[in-house]
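Colleague:
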Amino acid sequence: MARAGDPDILSDFIVPPNVTTVDATGTPNPPHIHPHASELLFLFRGTLQAGFVDTTNKLFTQTLQAGDIFVFPKGLVHFQYNANTQIPALAVSAFGSANAGTVSLPNTLFTTGIDNNILAKSFKTDIATIQALKAGLAPKPSV
Numbered sequence: 001m002a003r004a005g006d007p008d009i010l011s012d013f014i015v016p017p018n019v020t021t022v023d024a025t026g027t028p029n030p031p032h033i034h035p036h037a038s039e040l041l042f043l044f045r046g047t048l049q050a051g052f053v054d055t056t057n058k059l060f061t062q063t064l065q066a067g068d069i070f071v072f073p074k075g076l077v078h079f080q081y082n083a084n085t086q087i088p089a090l091a092v093s094a095f096g097s098a099n100a101g102t103v104s105l106p107n108t109l110f111t112t113g114i115d116n117n118i119l120a121k122s123f124k125t126d127i128a129t130i131q132a133l134k135a136g137l138a139p140k141p142s143v
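In terms of UniProt numbering, the sequence shown is residues 1 to 143.
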């Protein structure tokens, strides 16, 4: 007999502290993965481009309208983008686990101290480009 349980039942009923909020039109939720769960996104208002890349590097993308649903498979790189500069999009996501986990690719690659030479060779670019990417993602000083 197998049993499954939720280690923290409260997480099912409260908003997690790392909830993603995109406050402006014309902004992305950058490429990221959820290593422990699939994601179901429901769009309430506006339009949103949603997409993911499968394990054969095929891009699946769709422009969602209010009322549309999109599923992101577990562990695959995916993104959302509100290309509309006039109307903010309003969406909610549900996950197949109370602890889906989130790995933001830009932050993971460019803010964790991976050597510039390794990144430059991996992306077939120069160190100056890598340094510019790192500078753009660096935490902003608090005011």
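Every residue gets a Cβ at the ideal spot worked out from N, C-alpha and C, and that includes glycine.
#1: For Ile118, does the count of other Cβ atoms within 10 angstroms reach 16, so buried, or fall short, so exposed?
#2: Take the Cβ of Ile33 as the centre, count every other Cβ of all protein chains shown within 10 Å, and call the residue buried at 16 or more, exposed below.
#3: Just confirm the distance between the C-beta atoms of Glu39 and Ser104, as a whole number of angstroms; I'd bet it's less than 8 angstroms.
#4: Taking Cβ to Cβ, would you say Thr25 is nearer than 8 angstroms to Gln62?
#5: For Ser142 and His78, what's the separation of their Cα atoms in angstroms?
#6: Taking contact to mean 3 or more Cβ pairs, one atom from each stretch, closer than 8 angstroms, check whether the region 98-117 and the region 126-143 are in contact.
#7: Comparing alpha-carbon positions, which option in Gln80, Ala100 and Thr55 lies nearest Ala91?
#8: Identify which residue in Gly96, Thr56 and Asn57 has its Cα closest to the Cα of Val71.
#9: Identify the continuous alpha helix (DSSP H) that holds Gly136 and give its terminal residues.
#10: What whole-angstrom Cβ distance do Thr111 and Ala83 have, given they're in contact under 8 angstroms?
Modeller: Checking against the coordinates, here is how it stands:
#1: The residue in question, Ile118, is exposed, as its Cβ has fewer than 16 Cβ neighbours within 10 Å.
#2: By the 10 Å Cβ count, Ile33 comes out buried.
#3: Going by Cβ atoms, the distance from Glu39 to Ser104 rounds to 14 angstroms, so no, they are not a contact pair.
#4: No, Cβ-Cβ distance for Thr25 and Gln62 is not below 8 angstroms.
#5: Straight-line spacing of the CA atoms in Ser142 and His78 works out to 30 angstroms.
#6: The region 98-117 vs the region 126-143: in contact.
#7: Distances from the alpha-carbon of Ala91 to those of Gln80, Ala100 and Thr55 put Gln80 closest.
#8: Sorting Gly96, Thr56 and Asn57 by C-alpha distance to the C-alpha of Val71 places Gly96 at the top.
#9: Residues Ile127 to Leu137.
#10: Taking the Cβ atoms as the reference, Thr111 lies roughly 26 angstroms from Ala83, outside the contact range of under 8 angstroms.
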